[in-house]
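Here the structure is laid out as structure tokens; the discussion comes afterwards.
Protein chains in written order, with this note's numbering: chain A, 8 to 121; chain B, 6 to 121.
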């Protein structure tokens with residue numbers, strides 16, 4: 008099973024770029040890397056997903072090196088409202104049903120300060 | 006916009022009671038999931054379903070059962086609630102992945118259950 012490891016917590020200041028790195032040494036060939044964001048008392052929200060190289064959307068960028076054993080979520084110019092828990096996930100192929108089961112770890116608690 | 010709704014935001018039950026948590030999604034997704042979330046443990050998968058009347062055990066199914074009679078609805082049942090089932094329960098849904106794709110899970114707001 009592909010397990011992920013990410014820092015427990017990070018601190019930043021408004022306007023800074025934040026990079027959260029996740030390691031996933033046992034990632035399988037067909038697995039994608041997905042990041043979710045969760046605010047207190049809410050369900051996780053999808054941020055970005057990628058397979059290799061770089062993916063960018065209106066919220067974040069995701070950098071994946073060639074060996075795919077790690078990935079980095081980059082949040083440009085964070086604000087106070089980016090304070091949340093960020094989860095890195097790698098899909099695990101299920102034995103049946105043709106779908107992927109995602110495994111959530113403990114996540115990274117990002118605190119953005121004024 | 007995908008919408009996943011859960012029947013209650015907060016619930017208080019007594020030990021031994023039977024508890025039903027309902028989840029409804031409006032995007033015709035094949036897959037539905039129930040997680041519980043506890044401080045320091047992240048999200049842990051209880052059960053999931055990839056089709057009507059189909060269910061699969063997740064990582065921590067003990068003490069729980071599920072029901073999926075209709076595609077849009079996935080129920081989590083605590084047959085006899087215990088205090089160690091006090092937790093935040095999150096429901097999610099996702100479409101079946103296409104070739105080479107990996108599905109995105111869409112989460113409901115969660116139900117915070119307290120068992121006394």
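A virtual CB, placed ideally from N, CA and C, is assigned to each residue, including glycine. Being a predicted model, the structure only gives us computed values, none of them experimental.
Kindly say whether residue i, judged by its beta-carbon, lies nearer than 8 Å to any beta-carbon of chain A.
i              : result
residue 110(B) : yes
residue 66(B)  : no
residue 121(B) : no
residue 81(B)  : no
residue 26(B)  : no
residue 115(B) : yes
residue 23(B)  : no
Spell out whether any CB of chain B is found under 8 Å from the CB atom of residue i.
i              : result
residue 105(A) : The predicted position of residue 105(A) is uncertain, since its pLDDT is 47 and thus under 50; a value taken from the coordinates is nonetheless stated next. By this cut-off, residue 105(A) is an interface position.
residue 86(A)  : no
residue 77(A)  : no
residue 30(A)  : no
residue 57(A)  : no
residue 41(A)  : yes
residue 116(A) : no
residue 16(A)  : no
Run down chain A in chain order and give the residues with a C-beta less than 8 Å from the C-beta of residue i.
i             : result
residue 48(B) : 51, 94, 111
residue 45(B) : 113
Quickly, what does DSSP pair residue i with across the bridge? List them, please.
i             : result
residue 27(B) : 80(B)
residue 97(B) : 38(B), 112(B)
residue 91(A) : 117(A)
residue 16(B) : 118(B)
residue 65(B) : DSSP output for residue 65(B) lists no bridge partner at all.
residue 36(A) : Answer by DSSP bridge pairing: none, since residue 36(A) is not bridged.
residue 47(B) : 43(B)
residue 57(A) : 40(A)
residue 71(A) : 60(A)
residue 45(A) : 92(A)
residue 11(B) : 28(B)
residue 52(A) : 44(A)
residue 66(A) : DSSP lists no partner for residue 66(A).
For residue i, return the contacting residues in chain A, with the cut-off set at a CB-CB distance below 9 Å.
i              : result
residue 118(B) : The contacting residues do not exist; residue 118(B) stays about 13 Å from chain A at best.
Please compile the residues from chain B whose C-beta is within a distance smaller than 9 Å of the C-beta of residue i.
i             : result
residue 68(A) : The contacting residues do not exist; residue 68(A) stays about 17 Å from chain B at best.
residue 48(A) : 14, 93, 114, 115, 117
Chain A partners of residue i, CB-CB under 7 Å?
i             : result
residue 16(B) : None at all; the shortest Cβ gap to chain A is about 14 Å.
Run down chain B in chain order and give the residues with a C-beta less than 8 Å from the C-beta of residue i.
i             : result
residue 63(A) : Under the 8 Å cutoff, chain B gives no residues; its nearest Cβ is about 17 Å from residue 63(A).
Under 8 Å, Cβ to Cβ, is there at least one residue of chain D near residue i?
i              : result
residue 111(A) : Although the question refers to chain D, the structure presented lacks it and instead comprises the protein chains A and B.
Worksheet item: With contact counted as at least three CB pairs below 8 Å, one residue from each stretch, are the region 42-50 of chain B and the region 21-34 of chain B in contact?
Response: Not touching, per the Cβ criterion.
Item to complete: Evaluate contact between the region 82-101 of chain A and the region 25-32 of chain A, counting only Cβ atoms and requiring at least three cross-stretch pairs below 8 Å.
Response: yes
Worksheet item: Quick check: the region 14-24 of chain B against the region 86-103 of chain B, are there 3 or more CB pairs under 8 Å?
Response: yes
Practice prompt. Examine the Cβ distances between the region 66-75 of chain A and the region 6-16 of chain B and report whether three or more of them are shorter than 8 Å.
Written response: No: fewer than three Cβ pairs fall under 8 Å.
Discussion item. When you compare the region 51-69 of chain B with the region 108-121 of chain B, are there three or more beta-carbon pairs, one atom per stretch, that lie closer than 8 Å?
Written reply: no
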